[in-house]
């Protein structure tokens, strides 16, 4: 099964980095979609289906926290993995309460992201 | 009352060095080295602010040689990346180091990172320390990276 992945981050180089990690980790990715904030992500989700969303928290216009809220509110059934610099316990708990299925703190080794994605996607990858 | 753990036992310089080392090793595949005497004039400077129950900034200055090497390592490319990608890399590097510093100073409440901003001109003033009125603290570290260097200045301004 080829996954369809949405990467949400205001940093274009971070989007490239995540994509490179997935490409070199053995994931069968059929399509990548990218968004630079929550609003763009919702636009993508309105016209494309994806298997997983990887999102930063701190972004302009609409941050990852608000994106998670709206995904829950609109009952969009896609697992979200938060990929962010904030590794404090309070922030991790907050994001999980909002519905995040996974959490990866930057900086991360490639295998950390791969393992978290495998867990969230139910072992259907790599 | 600020809840950031800046007790006397916390060595901010060690925290800064540890955070930078972790970020550089893990995602930029680069080692921090002792830096020779350097001139910051040609550096790209980025500042990341944070706010919440405390406020502060991290300012990162990166030499052109280090930018080329770090961008190539981060993006997995040979040669020199376009200037826009180099600038985006410096912003992301500053963002990650600031986040790593704050994570090491595990807080009881969320601190929000502000978007990284490129600074137009060199800043001559060193971080200020010891202002009891605002309960401030600061640290500065300089590291060699390949043929270049980077400088980190961390300023915590206490509770808002």
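Protein chains in written order, with the working numbering: chain A, 1 to 126; chain B, 127 to 286.
Don't be surprised by glycine CBs; every beta carbon is placed ideally from N, CA and C.
Not a single C-beta of chain A is nearer than 8 Å to the C-beta of residue 155 (chain B). Between residue 113 (chain A) and residue 72 (chain A), the C-beta spacing is not below 8 Å. Remark: three or more beta-carbon pairs, one from each stretch, lie closer than 8 Å, so the stretch 141 to 148 of chain B and the stretch 221 to 231 of chain B are flagged as touching.
At least 8 Å separates the beta-carbon of residue 41 (chain A) from that of residue 68 (chain A). By the neighbour-count definition (other C-beta atoms within 10 Å, threshold 16), residue 282 (chain B) is a buried residue. Just so you know, the alpha carbons of residue 116 (chain A) and residue 267 (chain B) end up roughly 33 Å apart. A direct Cα-Cα distance of roughly 34 Å separates residue 216 (chain B) from residue 76 (chain A). Rounded to whole angstroms, the Cβ separation of residue 78 (chain A) and residue 55 (chain A) is 11 Å, and the two are not in contact under 8 Å.
Within a 10 Å sphere around the beta-carbon of residue 140 (chain B) sit fewer than 16 other beta-carbons, which makes this residue exposed. Proximity of residue 36 (chain A) to chain B, defined by a Cβ-Cβ separation below 8 Å, is not satisfied. Counted as a single uninterrupted DSSP element, the beta strand (DSSP E) harbouring residue 3 (chain A) occupies residues 3 to 8.
For residue 207 (chain B), the closest of B:277, B:192 and B:175 by C-alpha to C-alpha distance is B:192. About 11 Å separates the beta carbon of residue 189 (chain B) from that of residue 171 (chain B), a gap too long to meet the 8 Å contact definition. DSSP lists B:279 as the bridge partner or partners of residue 266 (chain B). Boundaries of the beta strand (DSSP E) harbouring residue 102 (chain A): 102 to 105, taken from the DSSP string.
In terms of beta-carbon proximity, residue 178 (chain B) stays away from the interface with chain A, with every pair separated by 8 Å or more. Here residue 271 (chain B) is buried: its Cβ has 16 or more other Cβ atoms, across all protein chains shown, within 10 Å.
Residue 82 (chain A) sits in a strand when the DSSP states are folded into three classes. Non-local beta-carbon contacts of residue 108 (chain A) in its own chain, meaning distances under 8 Å to residues more than five positions away in sequence, involve 83 in chain order. Taken atom to atom, the span from the alpha-carbon of residue 118 (chain A) to that of residue 104 (chain A) is near 13 Å. Under the criterion of beta carbons closer than 8 Å, residue 13 (chain A) and residue 218 (chain B) qualify as touching, at roughly 6 Å.
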